[in-house]
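Below you'll find the structure, written out as structure tokens, and then a few comments.
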Amino acid sequence: MKFIVDNQEAYAYTGGKALDPALPCVVFIHGAQNDHSVWTLLARWCAHHGYGVLAVDLPGHGRSAGTPLKSVEDIASWLHRLLDAAGVQKATLVGHSMGSLIALEAAERASTLVMVGTAYPMKVSEALLTTARDKPEAAMAMVTAFSHSLASAKPGYPGPGAWLRGGSMALMRRLQGRQTEVNLFENDFQVCDRYAGGEAAAARVACPVHFILGALDQMTSPKQNAVLGGLLKPRIHTVPAGHALMAEAPDAVLAALRAALQPSS
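Printed below as a string of structure tokens:
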């Protein structure tokens with residue numbers, strides 16, 4: 010589904026059903042060098058179980074036009090404008106990695122906040138930033154290796170024809186190739202690295218909070234959540250996966266999301 014935000018087309022996947030603004034809405038926000046497709050299973054489940062769904066492509070990513078934005082704060086402001094365009098006042102905000110910081114910054118619109126594969130501060134090593142700038146293909150390979158846990162299976166998992174590492178690389182290459190104005194990979198990791206507003210944003214949160222964390226995550230280790238955990242007092246769901254937890258442990262992540270969507274949780 011397309012919306013006009015800042016005079017440009019913004020795309021959001023709606024899970025196979027038209028968005029009904031009267032339904033409780035779940036907004037999915039992808040991470041660095043990703044797009045809406047990382048949310049397909051979760052988005053489809055929500056769309057077919059009584060929720061409106063917006064799995065967004067951020068500006069300059071996937072099917073959304075524009076130049077990639079350079080800060081978590083700017084992207085959160087853009088998200089507010091997209092929700093206005095969609096007629097959505099409040100939603101469950103679900104963000105992965107960089108997207109979790111965007112969800113946190115935009116949490117005044119949240120009825121529930123779900124931060125997936127999150128950490129704060131989300132600092133990026135100088136080695137990765139330098140490689141992202143000079144050799145983005147090599148940086149993608151580094152991130153692919155770090156994002157998938159040692160427990161990941163070989164090609165054929167989770168089903169015939171699937172290849173988690175290969176699929177991740179293909180998605181990043183496609184997004185990098187489509188963006189001709191900036192180095193998308195470097196931009197997104199700088200967005201994560203620069204964000205310093207987590208404590209202030211956490212102080213504004215006034216809704217239930219859930220963390221969905223990969224026990225084997227090497228990119229955003231569960232140990233890096235002491236600051237936000239202390240401020241937000243989240244319910245924590247841990248799944249047997251690395252940073253690419255939606256792909257590595259799809260059923261466990263869906264179960265955690267369903268728990269977060271329960272009013273009593």
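Using this note's numbering, read the sequence shown as starting at 10 and increasing by one per residue. A virtual CB, placed ideally from N, CA and C, is assigned to each residue, including glycine.
Does the Cβ-Cβ distance between residue i and residue j come in under 8 Å?
i      : j      : result
Leu122 : Cys201 : no
His12  : Ala119 : The sequence given here has Phe at residue 12, not His. No, they are not a contact pair.
Ala100 : Ala210 : no
Val81  : Gly206 : yes
Ala265 : Ile221 : yes
Pro193 : Pro77  : The sequence given here places Leu at residue 193; Pro does not occur at that position. Yes, these two residues count as a Cβ contact at 8 Å.
Ser230 : Ala128 : yes
Leu263 : Leu102 : no
Leu241 : Leu159 : no
Tyr204 : Met124 : no
Leu91  : Ile111 : no
Phe198 : Val248 : no
Gly96  : Pro30  : yes
His157 : Arg174 : yes
Can you tell me the Cβ-Cβ gap for residue i and residue j, rounded? I've got them flagged as a contact below 8 Å.
i      : j      : result
Ala250 : Gly223 : 4 Å
His45  : Gly25  : His45 to Gly25, Cβ: 12 Å. No contact.
Cys55  : Val62  : 5 Å
Ala41  : Ser106 : 6 Å
Ser86  : Ala19  : 13 Å between Cβ atoms; not a contact.
Pro243 : Val218 : 4 Å
Can you find the residues in the same chain that come closer than 6 Å, C-beta to C-beta, to residue i, ignoring five residues on each side of it along the sequence?
i      : result
Ser274 : Low confidence applies here, because Ser274 scores a pLDDT of 43, under 50, leaving its location unreliable and the question unanswered by this model.
Phe155 : Gln227, Met228
Gln188 : Gly69
Val236 : Tyr129
Met181 : Gln42, Met149
Trp48  : Phe37, Ala64
Glu195 : Ala141, Arg142
Arg53  : Gly24, Gly25
Please confirm if residue i has its CB atom under 8 Å from at least one CB of chain E.
i     : result
Asp15 : In the structure shown, chain E does not exist; there is a single protein chain.
Between residue i and the rest of its own chain, which residues show a CB-CB distance below 8 Å, the 5 nearest in sequence each way excluded?
i      : result
Val151 : The residue you asked about is not Val; residue 151 is Met in the sequence shown. Result list for Met151: Leu137, Thr140, in chain order.
Val191 : Gly69, Thr76, Pro77
Ala27  : Met10
Whose C-beta lies closer than 7 Å to the C-beta of residue i among residues of the same chain, with five residues either side of it excluded?
i      : result
Gly170 : none
Gly59  : Leu32
Handout entry: Those runs of the beta strand (DSSP E) which lie wholly inside the segment 73-142 and span at least 3 residues
Key = 100-105, 119-125
Exercise for the section: Please go through the segment 39-73 and give each complete beta strand (DSSP E) segment of 3 or more residues, from N-terminal end onward. Expected result: 61-65
Problem - Continuous beta strand (DSSP E) assignments of at least 3 residues falling wholly in the segment 151-179 - result: none
Handout entry: Runs of beta strand (DSSP E) lying entirely within the segment 180-254, each at least 3 residues, in chain order
Key = 218-223, 244-248
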